[in-house]
Structure formats: C-alpha cells, structure tokens
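Visitor:
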Amino acid sequence: SPITNDNLRIAQKLLDYGEVRHIPVGYLETTIIDNSYIFRQTEDKDPPIIQIISPGNYTYGGSINLIFTLNEETTWTAYLLDNEANVTILGNTTISALSEGTHSIVVYSQDHSENIGVSNHVIFSIDTQPPIITILSPT
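Each step along the sequence shown adds one to the number in my numbering, with nothing skipped, and position 21 is 25.
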C-alpha cells in the first residue's frame, strides 16, 4: 500500500523517540538532513536469498533437519521434496518418514513485495537398513 502523510508522521515520531530500529527494505528509505528524517518509498525487486544449511549431500538414517537462512523477512516459506506438492513451513523443521533412497529438496520463500526466492537444490539419501556383515575367516 502507498505511504500516506499520516504514516510518515507516525514514522517520524517513532524515530524521534528511538522506537524504530529497523525499517524493512522495500518500504521506506530514510535520509537524515539537518537532524530531520526524509522518507521516500522504494521498490523491492530482489527476491529473498535462501541458503540451505542442512541437509547436505550426505546419507541420513531416517528423518532430516531442514535448516536454512533467509536474508530478509518473508511472508511465506515452503519446501518441495522430490517434486511433490509444496509444504508450507514457518521456519526450520524436521522431515520424518522419508523412504529409502535418493531425495531432492528445495526451499521457496516470498517477501513482502511478492518476490519469490528459490534455494539451491540439495540431493541427499536415506538409508535405514543396517549393513550385513559376513565373517569369512577364521571358520
């Protein structure tokens, strides 16, 4: 929504009283001139940057912890596992009941300006079967 004069006056008062510590990118850009704050609306064209920390390209024994970082506040985040339906999440999560074999995962997130960011694809494996050990010697 557009920035109104009333919103600017409220923001100015909050800044004067030290109540504003962060103004999200894409909403207001501030400049200080003669101890006054000048506001102007900016357009956010950059999608969120998403980095998957875990899982990595490894073999896991069952469930995995999906851990990722975002460079900005977002309004929606989801993961896509094996090209199935998106699963909406609120943040880092544990994914259980994965089948044996190789899987792929990607995270999507949308910012306040409706830009959608996409993480890198991560390939990982699930192996819950214990190894079979055969002793050949001594007999």
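For every residue, glycine included, the Cβ atom is placed at its ideal position computed from N, Cα and C.
(1) State whether the stretch 128-139 contacts the stretch 78-98, with contact taken as three or more CB pairs (one from each stretch) at a distance under 8 angstroms.
(2) What number of angstroms, rounded off, separates the C-alpha of isoleucine 86 from the C-alpha of histidine 116?
(3) Below 7 angstroms between beta carbons: does that hold for threonine 106 and leucine 70?
(4) With DSSP as the reference, identify every bridge partner of glycine 105, one or two as the case may be.
(5) Less than 7 angstroms separating the beta-carbons of glycine 84 and valine 110?
(6) Out of curiosity, what's the CA-to-CA distance linking glycine 56 and isoleucine 99?
(7) How many angstroms separate the CA atom of lysine 49 from the CA atom of isoleucine 136?
(8) Of the residues Gly60, Ala101 and Asn119, which one's Cα is nearest the Cα of glutamate 77?
(9) Could you say which of Phe72, Gly95 and Leu102 lies nearest to glycine 60 if we only look at CA atoms?
Guide: Checking against the coordinates, here is how it stands:
(1) no
(2) Looking at the sequence itself, residue 86 is aspartate, so the reference to isoleucine does not match. Rounded to the nearest angstrom, the two C-alpha atoms are 27 angstroms apart.
(3) no
(4) Ile130
(5) Reading off the sequence, residue 84 comes out as leucine, not glycine. Yes, Cβ-Cβ distance for leucine 84 and valine 110 is below 7 angstroms.
(6) At residue 56 the sequence reads isoleucine, which differs from the glycine that was named. Cα to Cα, the separation comes out at about 14 angstroms.
(7) 54 angstroms
(8) Asn119
(9) Phe72
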